[in-house]
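*Asks:* Input: one structure, supplied below.
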Amino acid sequence: MIIARSAQELREALGTRIGSVGFVPTMGALHIGHKTLIEHARRENETVVVSIFVNPTQFLPGEDLSKYPRREEADFKICELSGVDLLFYPDVGTMYGRDEVRITAPDVRGYILEGSSRPGHFDGVLTVVMKLLNMVRPTRAYFGKKDAQQLALIAQMVDNLFMNVVIVPIDTVREKDGLALSSRNIYLSPSERQEALKLSASLKAATKMVMQGSVDAGVIQNAMMNILDPLNVEYVAIVNRRFEAMTHVILGDTIVLVAARVGTTRLIDNVWM
Ligand code: AMP
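Convert by adding 1099 to the 1-based position in the sequence shown; the result is the number in our numbering.
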């Protein structure tokens, strides 16, 4: 596995490659969810590139940028063992200069739900993903459905700006008990981890209701809120694939999302129906 730290090193390492390139951008502290994205990229491409970069522009003031888990050695090993050909591991100075051009998230879709709780977050996400895609120039880029709104906005950016890359969505990987894997789960104490199961439990209940024919969004949201109680819920939302609010679930075009704080840790989860 080649490790590139600068744009120049990345260019040189990519220069010798032929065939399709699969790209998995991450912020590190890699877990089985990331590994699953890498495995998909490995199966579908000649070359696999992973980036690890904790992107400062997508953190709001007061968020966990400085304490976000950083695990260089373990991450390198996971990449190597997963068959990654090229690891891009830039520092902030490589990715950003002063007074730069930025990507702005769309006014509505970029500022509801996650964008409402974290205004400006998606500007940072889209800007860094644009930079990374331009640097790596992949055939396919892999993103988790766990970050559903992020995935939708990246797909929209690629479409709106006529970018030449295929965005591949990957299903959320969960622990046996339902908890969606996240680098932020390590912040949870044992009792908080137990409380965190309420997110996936509420989504499971929503799925069950829909399967039994109860498709009214308000009724489903109420049932979810009861399960989530007493967590500090930021939103429970039922939207279509374009992130427009739905009054009723339509199978094949619905995402049910939840964001809640467990102690001081902010967690998100969702289910695609
Ligand atoms: P992050 O390092 O949290 O920025 O995540 C990097 C990529 O991994 C994003 O596309 C995430 O959506 C994806 N990802 C994170 N957690 C999971 C999970 N539990 N299952 C599948 N993909 C995930």
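Note that the Cβ used here is the ideal one computed from N, Cα and C, for glycine as well. Just so we're clear, the structure is a prediction, and the values are computed from it rather than from any experiment.
Round the Cβ separation of serine 1301 and valine 1357 to the nearest angstrom and send it over; I've been treating them as touching at under 8 Å.
*Replies:* Within the sequence shown, numbered from 1, the residue matching residue 1301 stands at position 202. Within the sequence shown, numbered from 1, the residue matching residue 1357 stands at position 258. Right, their Cβ atoms sit about 6 Å apart.
*Asks:* Can you give me the C-alpha to C-alpha distance between glycine 1214 and histidine 1133, rounded to a whole angstrom?
*Replies:* Mapped onto the sequence shown, residue 1214 falls at position 115. Mapped onto the sequence shown, residue 1133 falls at position 34. In a straight line, the C-alpha of glycine 1214 is about 23 Å away from that of histidine 1133.
*Asks:* Below 8 Å, can you find three or more Cβ-Cβ pairs linking the stretch 1221–1236 to the stretch 1146–1157?
*Replies:* The stretch 1221–1236 vs the stretch 1146–1157: in contact.
*Asks:* With DSSP as the reference, label phenylalanine 1242 as helix, strand or coil.
*Replies:* Against the sequence shown, residue 1242 aligns to sequence position 143. In this structure, phenylalanine 1242 counts as strand in the three-state DSSP scheme.
*Asks:* If I measure Cβ to Cβ from alanine 1247 and keep anything under 7 Å in the same chain, skipping five residues before and after, which residues do I get?
*Replies:* Position 148 of the sequence shown, counting from 1, holds the residue named residue 1247. If we look at alanine 1247 and ignore the five residues flanking it on each side, its Cβ neighbours are Ile1354, Leu1356, Asn1369.
*Asks:* On the three-pair Cβ rule with 8 Å, is the stretch 1325–1336 touching the stretch 1297–1311?
*Replies:* With the cut-off at 8 Å, the stretch 1325–1336 and the stretch 1297–1311 touch.
*Asks:* Closest to arginine 1208 by C-alpha separation, out of Val1191, Lys1176, Ala1279, Leu1250, would be which residue?
*Replies:* Taking the first residue of the sequence shown as position 1, residue 1208 is located at position 109. With distances taken between Cα atoms, arginine 1208 lies closest to Leu1250.
*Asks:* Entirely within the stretch 1247–1298 and at least 3 residues each: give me those beta strand (DSSP E) ranges in chain order.
*Replies:* Runs of the beta strand (DSSP E) inside the stretch 1247–1298: 1265–1269.
*Asks:* What three-state label does DSSP hand isoleucine 1354 in the structure shown?
*Replies:* Looking up residue 1354 in the sequence shown gives position 255. Correct three-state label for isoleucine 1354: strand.
*Asks:* Checking the sheet assignment: what are the DSSP bridge partners for phenylalanine 1122?
*Replies:* In the sequence shown, counting from the first residue as 1, residue 1122 sits at position 23. Beta-bridge pairing links phenylalanine 1122 to Val1148, Ala1240.
*Asks:* Is leucine 1280 near the ligand AMP, judged by its Cβ being under 7 Å from some heavy atom?
*Replies:* Within the sequence shown, residue 1280 is the residue found at index 181, counting from 1. At least one heavy atom of the ligand AMP is nearer than 7 Å to the Cβ of leucine 1280, so yes.
*Asks:* Any heavy atom of the ligand AMP closer than 7 Å to the CB of glycine 1214?
*Replies:* Translated into the one-based positions of the sequence shown, residue 1214 becomes position 115. Not so, every heavy atom of the ligand AMP lies at least 7 Å from the Cβ.
*Asks:* Grab the span of the alpha helix (DSSP H) containing phenylalanine 1175 for me, first residue to last.
*Replies:* Here residue 1175 refers to the residue found at position 76 of the sequence shown. First-last of the alpha helix (DSSP H) with phenylalanine 1175: 1171–1180.
*Asks:* Are the CB atoms of leucine 1185 and isoleucine 1269 within a distance shorter than 8 Å?
*Replies:* To locate residue 1269, count along the sequence shown from 1; it is residue 170. To locate residue 1185, count along the sequence shown from 1; it is residue 86. Going by C-beta atoms, isoleucine 1269 is not nearer than 8 Å to leucine 1185.
*Asks:* So alanine 1106 is in the alpha helix (DSSP H); what residue range does that whole segment cover?
*Replies:* For the purposes of this step, residue 1106 is taken as residue 7 along the sequence shown, with counting starting at 1. Its alpha helix (DSSP H) spans residues 1106–1114.
*Asks:* Within the same chain, show all residues whose beta-carbon is closer than 7 Å to that of proline 1160, passing over the 5 residues directly before and after it, in chain order.
*Replies:* Mapped onto the sequence shown, residue 1160 falls at position 61. Answer for proline 1160: no residue qualifies.
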